[in-house]
Amino acid sequence: MSGDRIVIAHVSDLHFGGYAELRQIEALETFLPTLGLDATVIAGDLSQRARHGEFQAAHAFANRLRPHAPLLIVPGNHDIEWWKSPLDLLGRERKYRKYSRYFGNLTPVLEIPGAIIVGALSSYGVAMGSLTWNLRDVAVKGHLPASETDRVAAIFADAPRTAARVLVFHHNVLPGATSRRMGLARWKSAHRRLVATGADVVLCGHDHHEGAGQVGGALAVSTSGTHSSRTRGGRASVFNLVTIDSSAVHIQHFRWEPSTRQFQRSDAFAFARAGPPKVTVSVAGGDQGL
Ligand SMILES: [Fe+2]
Ligand SMILES: [Fe+2]
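Going by the working numbering, the sequence shown opens with residue 43, and the numbers climb by one from there.
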C-alpha cells in the first residue's frame with residue numbers, strides 16, 4: 043500500500059505458445075517490478091491450447107513476478123480442456139485439472155493491506171450458461187453464474203469497511219472497442235449482479251483490445267490487452283496499471299512501443315469510487331450524515 047493508494051498491475055492474454063510476444067514478456071518481467079506494485083493480476087488466457095509446455099512457460103513467468111508483489115491468476119477460455127467434458131457430461135473437474143496442476147485454485151482470493159482481490163470463474167468452455175445462438179461463441183464466450191456473483195458479494199461483505207474491493211475474471215464486461223463483442227453471455231443480468239457485489243473495479247481481458255469504462259455509473263472496469271501477436275487490427279499491445287485511492291479508480295494504459303522495446307505511458311482514465319459506507323457522527327445539535 044503506497045500511502046492510501048493501492049497499485050495493481052493488470053495483465054492478461056499472454057497466450058504462451060506460438061503467438062506469445064517474447065520481447066513483451068521479457069519487458070514485463072523487468073518493468074512491472076519498477077511500478078511500486080501492491081499486487082499483480084493475470085486475468086486469464088495464459089496459454090493458447092492448454093498444453094503442458096505453455097503452462098510451464100506461464101508458470102515460470104509467474105514465478106519471476108511473484109517475488110516483487112503478491113500475484114493472483116484466474117483461467118481464461120484457452121486454459122481449460124473443455125473437450126474433455128463438453129457440457130460437463132463427464133464432470134466438471136477434468137476440464138480444469140491441467141490448469142489447476144500449475145496454478146491451483148480456480149477462484150483465488152488475495153488479501154493485502156487496504157484491499158481484497160477476489161478471482162471469479164467466467165471460463166466454462168462448452169457449457170449451457172455460455173451458449174448463444176452465434177456459433178462463433180462456442181467454447182469462446184463465458185458467463186458468470188449467480189452462484190459466482192453471490193459468492194463474491196459475500197466475501198466483499200465480510201471485508202474491512204475501508205478495503206478496496208477488486209474483482210477479477212477473464213471475459214470482458216464491456217463491449218470491445220473494435221470487435222463490439224461482449225465476453226459474457228447474458229451480460230445484462232451479469233451487469234446487474236456485478237454492481238450488486240459491491241466491487242470497486244473489475245479487472246478482465248479476453249477481447250485483446252484494452253479498455254476502461256464503467257457499469258451502471260458505479261463500477262469501474264479495466265480491460266487489459268494481449269501480449270500475443272493476436273491483437274485487434276494489429277494494434278499495439280497494452281497492459282493496465284490500476285490505482286485505487288479513497289475517491290477514485292484510476293486506469294492507466296501502458297502501450298508497447300516496438301521501436302524502443304518498452305512500454306510507454308498512454309491513455310489514462312479515472313472513475314469516481316462509491317467508496318466505503320458513509321459514517322454518521324454526532325455533532326452539536328444532532329446527528330449529521332457525512
Ligand atoms: Fe485471449
Ligand atoms: Fe479469452
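The C-beta atom is built at its ideal place from N, Cα and C for all residues, glycine as well.
Roughly how far, in whole angstroms, is the beta-carbon of V257 from the beta-carbon of L236, given that I think they are within contact range, below 8 Å? 6 Å
Assigned exposure category for H94 - 16 Cβ within 10 Å defines buried: exposed
Assumed close pair I115, A104 - CB separation to whole angstroms, cut-off 8 Å: 6 Å
Would you mind working out which of A157, G60 and G167 sits nearest L131, comparing C-alpha positions? G167
Any heavy atom of ligand 2 within a distance shorter than 6 Å of the CB on H248? yes
Looking at the secondary structure, which residues open and close the beta strand (DSSP E) in which D309 lies? Q304 to A314
What are the residues that DSSP puts in a beta bridge with Q98? In the DSSP output, where bridge partners are listed per residue, Q98 has none listed.
Residue span of the alpha helix (DSSP H) that contains Q66, given as start and end: L64 to F73
Going by the beta-carbon positions, is the gap between G276 and V263 smaller than 7 Å? no
Buried or exposed: where does K230 fall if 16 or more other Cβ atoms within 10 Å of its Cβ makes it buried? exposed
Please report the straight-line C-alpha distance between Q306 and V280, rounded to a whole angstrom. 9 Å
Rounded to a whole number of angstroms, what is the C-alpha to C-alpha distance between R303 and A111? 23 Å
Kindly examine ligand 1 and report whether one of its heavy atoms sits closer than 6 Å to the Cβ of D7. Residue 7 falls outside the range modelled here, since the chain spans only 43 to 332, and no answer is possible.
Can we say the stretch 62-70 touches the stretch 136-150, given the rule of at least three CB pairs closer than 8 Å? no
Reduced DSSP secondary structure (H/G/I, E/B, other) of V325: The predicted position of V325 is uncertain, since its pLDDT is 40 and thus under 50; a value taken from the coordinates is nonetheless stated next. V325 falls in the strand class under three-state DSSP.
Measuring straight from C-alpha to C-alpha, what distance separates H57 and A196? 32 Å
Which residues bound the alpha helix (DSSP H) around I197? A188 to D200
Would you mind stating whether A157 and A206 have Cβ atoms separated by less than 7 Å? yes
For a test of your reading of the model: does the CB of G118 fall under 6 Å from any non-hydrogen atom of ligand 2? Yes or no. yes
DSSP state of A232, grouped into three classes? helix
Straight-line gap, T265 to A181 (C-alpha atoms, nearest Å): 20 Å
Quick one: is the Cβ of D87 within less than 6 Å of any heavy atom of ligand 2? yes
Cutting at 6 Å between CB atoms, please list the residues of its own chain near I293, excluding the five before and the five after it. A254, S264, N282, V284 and F311
Once DSSP output is grouped into helix, strand and coil, what is the label at F103? helix
Cross-strand partners of L283 (DSSP beta bridge): A51 and Q294
DSSP-derived helix/strand/coil call for L129: helix
What residue does the beta strand (DSSP E) around R207 start on, and which one ends it? A206 to V210
Assumed close pair D121, S164 - CB separation to whole angstroms, cut-off 8 Å: Not confirmed; about 12 Å, so no contact.
Does the beta-carbon of D192 have 16 or more other beta-carbons within 10 angstroms, so that it is buried, or is it exposed? exposed
For the candidate residues F73, G259 and F211, whose alpha-carbon lies nearest to that of H30? What is shown of the chain runs 43 to 332, which leaves residue 30 out entirely.
Please find out if some non-hydrogen atom of ligand 1 comes closer than 6 Å to the beta-carbon of D55. yes
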